[in-house]
Amino acid sequence: MAERKVRVRFAPSPTGPLHIGGVRTALFNYLFAKKHGGDLLLRIEDTDSQRFVPGAEDYIIESFKWLGITFDEGVGIGGDHAPYRQSERREIYKKYVKQLLDSGHAYMAFDTPEELEEKRKSIPNFQYDAHTRMSGVNSLTLSKEEVEKRVANGEKYVVRIKVEPNEDIEVNDLIRGKVVINSNVLDDKVLYKAADELPTYHLANIVDDHLMEITHVIRGEEWLPSAPLHVLLYRYFGWADTMPAFAHLPLLLKPEGNGKLSKRDGDRLGFPVFPLQWTDPKTGDVSSGYRESGYFPEAVVNFLALLGWNPGVEKEVFTMDELIQLFSLERCSKAGARFDYEKGKWFNKEYLAMKSDDEIAALFAPIVEEKGYKRDMDTLKYMVSLVRNRVHFVKELWYETNYMFEAPTEYDEKSLKKRWKEDSPAQMRELYAVLEGLQDYSAVLENEKTVLEWVASKEYKLGDVMNAFRITIVGAARGPQIFDILNIIGKEETLRRLSKALEILK
RNA sequence: GGCGCUUUCGUCUAGCGGCUAGGACACAUGCCUCUCACGCAUGGAACACGGGUUCGAUUCCCGUAGGCGCUACCA
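The numbering used here applies: residue 403 is where the first sequence begins, and numbers increase by one.
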């Protein structure tokens, strides 16, 4: 086989939002393409007119834009192999269906769905294949005239592949090695439906991959059982010499329980399974997305890259460029990977840690505004610097800083029980006077020194004083160094909170 | 049911005949400390089972069991 430029594709079906497993597949295709200086194409497989969902295609394109996965060719980009939407390639498929029919590798079948259903019910393990096709209503059992008559009458038929029996079909999978399946277990799959003049996945897929000069098919493991059928199709078309190499990726499994991760798992389990938020056009149901949940796209990419693939080094945080350098199908694992949302959160934290205070403050500003507050950037940056290392997401910053904006409305029971002691009210009253005497609240270190000296002079226990004080300011035993908080809320607010606490707590 | 894929800590995984079976997440403990975190240190935690092959199997082969997938005029 001549050296060909690497060309891979991601070919989703627009039946809804892109699910995270699909994103992972697309990512691996992207990494593989870029690693080998090849092209990645985006093809829309909308051959199922029944399940088409408006908006899904735009959603897919926007998702990849957010994730930083770029395509070289395809829907929304264009290219030499257009069109890239299968519904626009009807005429192309018809030509190839005819080729298969003419060469005797396929035949027309007139069996109605009801008839087939009946057979499946009455005959155990029924499948449309070499052993049963002669009892079906098709161009193999009907006379040529009868077939022509039926077609002329506009009777709906399907075209089925004619799988020859008793043949071992080999699929060389780049991840799993050689997989052999006997053609006896394959059925005569429907390749084309006259009703909507569209091919099914199997036919469209092979024709398009061939025409678009795809060199490697990297897809989910759920396709492995039909891979032999695809090999057969390449053979029947006479394209065996340029048949792409296959790689079937392990599936993403539910975090708990059984089965592969599905579209419905996300909101049930409390984490997104979609890159972007999605509103179902029919039901209006909203499904959460990683973007809206506060994830950085780099974190999602990094997390997904390590599900079913290992770089071979003990580092775990990688840029996209590093992933591209390191990627190889040989290092993909074979078994399904359970989706561990906690690890995903950790990745986001890692990426958050790499951002500057400025960047984080800029992302935090709209959240503050939404809560009805306004602060200048310097103040926000100051707040961010104090609490940034205790969150996974920017949005969690609000919980960590809310007491810097508003006085506590209640005091945490547990903290009170442990930290508010008998002497506390008296000490707080004295502290009030000490703080009142402070001139410049921005002199954090100096003020701390003053208070510490006062505590020492009175021979109070530092922990007793500071913890009680913290409760009056924050409302609980949490938060960063207290003098930084004071600096932010200011003297008047400090004294106000102190006296209010003294009133309520006694 | 049939066919296929798969099986190392709770989870993601390293390992490619000889290792005290390594790392990360999560968890626990300790240190730090005005609290909560961060950080640092420490700890518990795995080769599904049974046969082979071999001087020697987590590693190779065969079974069994479990898991997953496919089995549509869906992809």
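Note that CB positions come from ideal geometry on N, CA and C, so glycine has one too.
Across the set Thr721, Thr427, Arg880, Glu572, the C-alpha of Thr721 shows the shortest separation from the C-alpha of Met756. When DSSP states are grouped into helix, strand and coil, Glu447 belongs to the coil group. With respect to the 7 Å criterion, Leu818 and Ile577 are not classified as neighbours on the basis of their beta carbons. Beta-bridge pairing by DSSP links Gly480 to Gly476.
Nearest in C-alpha terms to Asp759, of all of Lys745, Leu788, Ala737, is Leu788. Taking all protein chains shown into account, Pro515 has fewer than 16 neighbouring C-beta atoms within 10 Å of its C-beta and is therefore exposed. The continuous stretches of beta strand (DSSP E) do not include Asn568, and DSSP gives it neither H nor E.
Between Phe885 and Glu838, the C-beta spacing is not below 7 Å. Within the stretch 453-522, the complete alpha helix (DSSP H) segments at least 4 residues long are 458-469, 492-504, listed from N- to C-terminus. Separation of the CB atoms of Leu907 and Pro827 is rounded to 7 Å, and the pair is thereby assigned contact status at 8 Å.
With fewer than 16 other Cβ atoms inside 10 Å of its own Cβ, Arg522 counts as exposed. Rounded to whole angstroms, the gap between the alpha carbons of Gly659 and Arg740 is 10 Å. Taking all protein chains shown into account, Glu569 has fewer than 16 neighbouring C-beta atoms within 10 Å of its C-beta and is therefore exposed. By the neighbour-count definition (other C-beta atoms within 10 Å, threshold 16), Leu613 is an exposed residue. About 23 Å separates the beta carbon of Val619 from that of Val561, a gap too long to meet the 8 Å contact definition. The Cβ atoms of Val846 and Val857 lie no closer than 7 Å to each other. In this structure, His650 lies away from Lys564, with their beta-carbon atoms at least 7 Å apart. Its chain contains Val770 as the residues whose beta carbon lies nearer than 7 Å to that of Arg777, once the 5 sequence neighbours on both sides are disregarded; these appear in chain order. Bounds of the alpha helix (DSSP H) holding His632 are 629-639. Between the C-alpha atoms of Asn869 and Trp822 there is a straight-line separation of about 8 Å. For Val581, the three-state secondary structure derived from DSSP is strand.
Proximity to Asp448 across Phe639, Glu490, His483 peaks at Glu490, based on C-alpha coordinates.
Assignment of Val675 by DSSP, reduced to helix, strand and coil, places it in the coil class. About 5 Å separates the beta carbons of Ile616 and Arg409, which is inside the 8 Å limit, making them a contact pair.
The Cβ-Cβ distance between Gly668 and Val675 falls below 7 Å.
For Leu651, the enclosing beta strand (DSSP E) begins and ends at 647-651.
For Ser465 and Gly877, the gap between their C-alpha atoms comes out near 41 Å. In the three-state scheme derived from DSSP, where H, G and I count as helix and E and B as strand, Leu833 is classed as helix. Between the stretch 618-634 and the stretch 468-477 there are fewer than three inter-stretch CB-CB distances shorter than 8 Å, so the stretches are not counted as touching.
Counting along the chain, Phe795 sits inside no alpha helix (DSSP H), nor does DSSP assign it H or E at all. In this structure, DSSP gives Phe528 a state outside helix and strand, which the three-state scheme calls coil. In the three-state reduction of the DSSP assignment, Val719 falls in the coil class, being assigned neither a helical nor a strand state. For Leu847, the enclosing alpha helix (DSSP H) begins and ends at 846-860.
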